[in-house]
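Protein chains: 2
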Amino acid sequence: MVSRSPEVQTAIPKGVRVLLPEETAKRRYIMAKTLSVFRRWGFQEVVTPTFEYLDVLSVGAGEDQQEKIFKFVDRQTGQLLALRSDLTPQVARMVATSLRHRPLPLRLAYAATVFRYQEPQAGRQREFFQIGVELIGLEQPEADAEMIAMAVESLKELGLGYFQIDVGQVEFFRGLMDAVELGPEVRRKVISAVRRKDASELELLFQAVPGDDRLKECLIALPGLYGGKEVLAKAEGMAFNQRAREALANLRQVYEILAFYGLSDYLIIDLGETYGFEYHSGVVFEAFTKALGYPLSGGGRYDDLIGRFGYPCPATGFAFDLERLLWALEAERVLPAYKGADFLIIDFNPDKRQALRLARLLREKGYSVARDIIKRDLPGSLAYARDASIGRAIVLGTAGCKKDELILKDLLSDREEIHSIEGFSQKVSSGELRWPT
Amino acid sequence: MVSRSPEVQTAIPKGVRVLLPEETAKRRYIMAKTLSVFRRWGFQEVVTPTFEYLDVLSVGAGEDQQEKIFKFVDRQTGQLLALRSDLTPQVARMVATSLRHRPLPLRLAYAATVFRYQEPQAGRQREFFQIGVELIGLEQPEADAEMIAMAVESLKELGLGYFQIDVGQVEFFRGLMDAVELGPEVRRKVISAVRRKDASELELLFQAVPGDDRLKECLIALPGLYGGKEVLAKAEGMAFNQRAREALANLRQVYEILAFYGLSDYLIIDLGETYGFEYHSGVVFEAFTKALGYPLSGGGRYDDLIGRFGYPCPATGFAFDLERLLWALEAERVLPAYKGADFLIIDFNPDKRQALRLARLLREKGYSVARDIIKRDLPGSLAYARDASIGRAIVLGTAGCKKDELILKDLLSDREEIHSIEGFSQKVSSGELRWPT
């Protein structure tokens, strides 16, 4: 077939992607593995709408997050709609409405794309895929530990060799901030500097602020509260008020449960960790791997969010970014190779019955079978099969075999066998066909 | 936890839905079954963007379909974007660009939501789910037959007891229309009347039109060309020109291949079938079931669409409407019952190690296991498990058993057994645990 100039543009908008079969298969593999871990921990999948009233998506989102939301007007109702930018508020609304009469806890999972105006970078497009869970109705540190343990389990299941989980407690930082008086402008700058772990910027900021020198020193030291279990002890001396002390005690409990799970090697305590949406209210965490400079997942406690929909209820959760997981797994080369169909049936007989019967039989046994409908010579069909990553070819009605025979050809090794059609069918029926594995 | 008035609205926009775990599980089941059929026929899943340039989605869409597209402006680029209203143009573009250098045929599948402004009715919301395939690069009637055979296979695999496939050929009707001269207004009315199978309206319309009486009679008789194989013979006498004759011959070939597949019992020939987008160009078909007045799936040949993106290439495809499939299966009560987690571990021991070990072991064996972290009495925990459709409870550290024992409770039959923890663990490890099936 000849090309010609397209009548219409063929471009795709900035920040969205088309996924070809090979790319889709990788993502399906990651999704299936992750959702299977979620399922085994007792989580049940739910689905939320792709668009929502803007108000719902804005709940608990900071100003910068709100700016990233895709908005549009409903032509039929005139209402302001928005593309889903985060699943957690949607699940919170679901809990506060449709699920509010169910006994707690609720263990909910999702796999969905979200949309944010952002420069395509750091493995993230403007439409990107999240796979996450929400554990609703538990205020116990065991619930926070369950989230972190599931994140670890998922990454192990995916075969990731090296990763760590940075665990923080947003209330510790908020406690310290309560103890010092800051104008809104300085406050913003402090939060930003802590996020960037910029101790010298913090030092400059606090020079200009009156107040307790020891407290200020602690805030400046915050980015350094990063490491193993010893960080918890170091932070004891900085827990200036009740809020910070409670946060630290809570973080210690979660750490101890995880140590008990045998997971302490994966944990980094990070009290300068301010990750998260404004709705986060306790232990928060992110998963990192060596190969990438940005987190594979993020999550944490959000005890005040569901209440804003009228049903006060503690909760915690986390989500993986599918694309980043993919990059991390590709960097470690642990993704399985792409496979097309198991068989291509190449049939030169005018009577198609044998080929159809074989295709049906193989499909009944769970094999994937494409039939070569196009007319071409055998080398042409085999080249097609190889290009489509098809594992084996079954050739009927060719010069190399008799009428009641078929050629079974392994397209990787080029090894071939001649079988009687009858005998081959019996092998398939009995489940004996294992060639090649 | 007490309720309070929500600070924010909890409503969801018109025409979109929240799916709770039970509802999601049903849809996941249908998707998995259908995609598994597609996979076994050698189709590979692809993913397209949720939003696109409007031009791409408008290609081959009629005026009424274009009006249904959700449009919005990209705040960053000022370009006009649109939510995906149909997957086929997106796949066509993918074939004409990213996939154009691959040998044909391409067998592509997808499962995705699409968006259309429409009154929520007939099982369809404004956001709804489609599961479909596209078979690219084959002009042979065998390709059309493959699509119809796959639709039948999918519906059988889902357990639907009664259904039929209405098969038409849009070129037959177009051929007849070529042979008669109609103004654009009358033409539109004729198409609409044929679509509604309104023979008396057709009679009225053609009274006012000059031309060959026999031809007009044929057009009026078109809605009656509906039934078994005999319709093909009946239509022979109406095939006035080359276009109509070729269409009929093509339809006959497809019918014969399907009869050869053993599927003729499912087929209804419908030459008044004008289903489809303007891009359809040959055999088209829809699946119907008794319980619903609208089709479960639709599809057909579209040989001119990919060319509009610069790569002329024949193609055919079809898609199921997930929600309608669900309704049909519910009407026949053939969907499996909802199941929550396999096990709830209820642990009254202060030392959690035994419970954690058991949970890990069961999960390694593929069971789904929720742990009851909340503190409540045994009846409370069992009531929770039942409400969450959890199959079995494992109780540790309760009065009814010793320290090294557990109670295994079937929550459906209320039958319970006491096991030693050690013995039970061995049963799980060895794969011997089959209770209850």
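Which chain is which? The protein sequence lines are A and B, in order. Using the working numbering, the first residue of the first sequence is number 1, and each one after it goes up by one. Using the working numbering, the first residue of the second sequence is number 1001, and each one after it goes up by one. For each residue, glycine too, the CB sits at the ideal point set by N, CA and C.
Practice task
Below 6 Å CB to CB, which residues in the same chain sit around threonine 437 of chain A once its five sequence neighbours on both sides are set aside?
Solution key: Here residue 437 of chain A corresponds to residue number 437 of the first sequence, with the count starting at 1. For threonine 437 of chain A, the predicted model reports a pLDDT of 43, less than 50, meaning its position is unreliable and no value from the coordinates is stated.
Problem - Secondary structure, alpha helix (DSSP H): runs of 4+ residues fully inside the segment 200 to 261 of chain A - result: DSSP runs (the alpha helix (DSSP H)) wholly in the segment 200 to 261 of chain A: 213 to 221, 230 to 236, 242 to 260.
Problem - Same chain, Cβ closer than 7 Å to arginine 1017 of chain B, neighbours up to 5 away in sequence not counted - result: One-based indexing of the second sequence puts residue 1017 of chain B at position 17. Closer than 7 Å at the Cβ level, and outside the excluded window around arginine 1017 of chain B, lie Gln1125.
Problem - Three-state secondary structure (DSSP) of arginine 84 of chain A - result: As a working note, residue 84 of chain A is residue 84 in the first sequence. DSSP, read as helix, strand or coil, puts arginine 84 of chain A in coil.
Practice task
With 8 Å as the threshold, decide whether the Cβ of methionine 94 of chain A is near any Cβ in chain B.
Solution key: In the first sequence, residue 94 of chain A corresponds to position 94, counting from 1. True, the Cβ-Cβ gap to chain B drops below 8 Å.
Exercise for the section: Using a Cβ-Cβ cut-off of 8 Å, state whether isoleucine 131 of chain A counts as contacting chain B. Expected result: Taking the first residue of the first sequence as position 1, residue 131 of chain A is located at position 131. Not one chain B Cβ lies under 8 Å of isoleucine 131 of chain A.
Handout entry: Close beta carbons around glutamate 1417 of chain B, own chain, < 6 Å, minus the five adjacent residues each side
Key = Within the second sequence, residue 1417 of chain B is the residue found at index 417, counting from 1. Correct list, in chain order: Leu1408.
Handout entry: Proximal residues to glutamine 90 of chain A (C-beta, below 6 Å), its chain only, five neighbours per side dropped
Key = Position 90 of the first sequence, counted from the first residue, corresponds to residue 90 of chain A. The answer, listed in chain order, is Thr48.
Exercise for the section: Identify the continuous alpha helix (DSSP H) that holds phenylalanine 1309 of chain B and give its terminal residues. Expected result: Looking up residue 1309 of chain B in the second sequence gives position 309. In the DSSP annotation of this structure, phenylalanine 1309 of chain B is not part of any alpha helix (DSSP H), being labelled neither H nor E.
Practice task
Can you tell me which of the three DSSP states tyrosine 1384 of chain B falls into?
Solution key: Translated into positions along the second sequence, residue 1384 of chain B becomes position 384. Three-state DSSP puts tyrosine 1384 of chain B in a helix.
Exercise for the section: Identify each residue in the segment 1367 to 1381 of chain B for which the Cβ-Cβ distance to at least one residue of chain A is less than 9 Å, and report them in chain order. Expected result: Under the 9 Å Cβ criterion, the segment 1367 to 1381 of chain B contributes Tyr1367, Ser1368, Val1369, Ala1370, Arg1371, Asp1372, Ile1373, Ile1374, Lys1375, Gly1380.
Exercise for the section: Could you tell me the distance, in whole angstroms, from the CA atom of proline 223 of chain A to the CA atom of threonine 1077 of chain B? Expected result: Along the first sequence, read from residue 1 onward, the residue named residue 223 of chain A stands at position 223. Along the second sequence, read from residue 1 onward, the residue named residue 1077 of chain B stands at position 77. Roughly 38 Å separates the two Cα atoms.
Handout entry: 7 Å CB neighbourhood of phenylalanine 1072 of chain B in its chain, flanking five on each side removed
Key = Residue 1072 of chain B sits at position 72 when you count from the first residue of the second sequence. The answer, listed in chain order, is Leu1081.
Handout entry: For glutamine 140 of chain A and methionine 1001 of chain B, the rounded distance between their alpha carbons
Key = The count along the second sequence starts at 1 and reaches residue 1001 of chain B at position 1. The count along the first sequence starts at 1 and reaches residue 140 of chain A at position 140. Note that methionine 1001 of chain B scores a pLDDT of 49, beneath 50, so its modelled location is shaky; the value from the coordinates is reported in the next line. Taking the straight line joining both Cα atoms gives about 15 Å.
Exercise for the section: Would you kindly check if the distance between the Cβ of alanine 151 of chain A and the Cβ of serine 297 of chain A is under 8 Å? Expected result: The count along the first sequence starts at 1 and reaches residue 297 of chain A at position 297. The count along the first sequence starts at 1 and reaches residue 151 of chain A at position 151. Yes, the pair counts as a contact, with Cβ atoms nearer than the cut-off.
Handout entry: Inter-residue Cα distance where the pair is serine 281 of chain A and methionine 147 of chain A
Key = Taking the first sequence and counting its residues from 1, the one referred to as residue 281 of chain A is at position 281. Taking the first sequence and counting its residues from 1, the one referred to as residue 147 of chain A is at position 147. The straight-line gap from Cα to Cα measures roughly 15 Å.
Practice task
Consider the Cβ of valine 976 of chain B: report whether some Cβ of chain A lies at a distance smaller than 8 Å.
Solution key: Lying before the first or after the last residue shown, residue 976 of chain B is absent from chain B, which here runs from 1001 to 1437.
Exercise for the section: Go to lysine 1033 of chain B, then tell me how far its alpha helix (DSSP H) extends in each direction, as first and last residue. Expected result: For this step, residue 1033 of chain B is matched to residue 33 along the second sequence. It spans 1021 to 1040 - the alpha helix (DSSP H) in which lysine 1033 of chain B sits, taken as one unbroken run.
Exercise for the section: Using 7 Å as the cut-off, classify the Cβ of leucine 1267 of chain B as near or not near the heavy atoms of the ligand PLP, replying yes or no. Expected result: The ligand PLP is absent from the structure shown, which contains no ligand whatsoever.
Practice task
Find the residues of chain A that neighbour glutamine 1009 of chain B, judging by a C-beta separation of less than 8 Å, and give them in chain order.
Solution key: Along the second sequence, one-based indexing puts residue 1009 of chain B at 9. Neighbours of glutamine 1009 of chain B on chain A, chain order: Tyr53, Asp55, Val56.
Handout entry: Bridge-paired residues (DSSP) for glutamine 1130 of chain B
Key = Looking up residue 1130 of chain B in the second sequence gives position 130. Its beta-bridge partners are B/Ala1112, B/Asp1321.
Exercise for the section: Quick one: which unbroken beta strand (DSSP E) runs of 3-plus residues sit fully inside the segment 164 to 202 of chain A? Chain order, please. Expected result: If only complete runs of 3 or more residues are kept, the segment 164 to 202 of chain A shows the beta strand (DSSP E) at 164 to 169, in order along the chain.
Practice task
Could you check the C-alpha separation between tyrosine 117 of chain A and leucine 1329 of chain B for me, to the nearest Å?
Solution key: By one-based count along the first sequence, residue 117 of chain A stands at place 117. By one-based count along the second sequence, residue 1329 of chain B stands at place 329. Approximately 40 Å between the Cα atoms of the pair.
Practice task
To the nearest angstrom, report how far apart aspartate 387 of chain A and alanine 341 of chain A are at their CA atoms.
Solution key: Position 387 of the first sequence holds residue 387 of chain A. Position 341 of the first sequence holds residue 341 of chain A. If you draw a straight line from the Cα of aspartate 387 of chain A to the Cα of alanine 341 of chain A, it comes to about 11 Å.
Exercise for the section: Indicate whether leucine 1104 of chain B and isoleucine 1136 of chain B have their beta-carbon atoms separated by less than 8 Å. Expected result: Position 104 of the second sequence, counted from the start, is the residue given in the question as residue 1104 of chain B. Position 136 of the second sequence, counted from the start, is the residue given in the question as residue 1136 of chain B. Inclusion of leucine 1104 of chain B and isoleucine 1136 of chain B in the CB contact set at 8 Å is warranted, their separation being smaller than that value.
Handout entry: For tyrosine 53 of chain A, the residue or residues it bridges with in DSSP
Key = Indexing the first sequence from 1 puts residue 53 of chain A at position 53. According to DSSP, tyrosine 53 of chain A bridges with A/Leu81.
Exercise for the section: Quick one: using the 10 Å Cβ neighbour count with 16 as the cut-off for buried, is leucine 1412 of chain B buried or exposed? Expected result: The sequence position of residue 1412 of chain B within the second sequence is 412, counting from 1. It counts as exposed.
Practice task
Check whether the Cβ atoms of alanine 287 of chain A and phenylalanine 163 of chain A lie closer than 8 Å to each other.
Solution key: Taking the first sequence and counting its residues from 1, one reaches residue 287 of chain A at position 287. Taking the first sequence and counting its residues from 1, one reaches residue 163 of chain A at position 163. Cβ atoms of alanine 287 of chain A and phenylalanine 163 of chain A: closer than 8 Å.
Handout entry: Cβ-Cβ distance between glycine 1293 of chain B and leucine 1225 of chain B below 8 Å
Key = Looking up residue 1293 of chain B in the second sequence gives position 293. Looking up residue 1225 of chain B in the second sequence gives position 225. No, the Cβ-Cβ distance between glycine 1293 of chain B and leucine 1225 of chain B is not below 8 Å.
Practice task
State the DSSP-derived secondary structure class of isoleucine 268 of chain A, mapped to helix, strand or coil.
Solution key: By one-based count along the first sequence, residue 268 of chain A stands at place 268. Looking at isoleucine 268 of chain A - three-state DSSP - the assignment turns out to be strand.
Handout entry: Contact residues within the segment 1309 to 1325 of chain B, judged by C-beta distance below 9 Å to chain A
Key = From the segment 1309 to 1325 of chain B, only Phe1309, Gly1310, Tyr1311, Pro1312, Cys1313, Pro1314 have a Cβ closer than 9 Å to chain A.
Exercise for the section: Provide the residue(s) that pair with glutamate 1286 of chain B in DSSP beta bridges, ordered along the chain. Expected result: Taking the second sequence and counting its residues from 1, one reaches residue 1286 of chain B at position 286. According to DSSP, glutamate 1286 of chain B shares a beta bridge with B/Asp1166, B/Gly1298.
Practice task
For arginine 1075 of chain B, decide whether its Cβ has a neighbour in chain C, counting only Cβ atoms nearer than 8 Å.
Solution key: Absence of chain C from the displayed structure is noted, the protein chains being A and B.
Handout entry: Neighbour flag for alanine 341 of chain A against chain B, beta carbons, 8 Å
Key = Indexing the first sequence from 1 puts residue 341 of chain A at position 341. At a cut-off of 8 Å between beta carbons, alanine 341 of chain A contacts chain B.
Handout entry: 8 Å Cβ cutoff, glutamine 79 of chain A in contact with chain B
Key = As a working note, residue 79 of chain A is residue 79 in the first sequence. Contact with chain B is found for glutamine 79 of chain A, since one of that chain's Cβ atoms lies less than 8 Å from the residue's Cβ.
Exercise for the section: Name the residue from A/Tyr384, A/Phe424, A/Ile390 whose alpha carbon lies nearest to the alpha carbon of leucine 396 of chain A. Expected result: Counting from 1 along the first sequence, the entry for residue 396 of chain A is found at position 396. Selected option, being the one with the closest Cα: A/Phe424.
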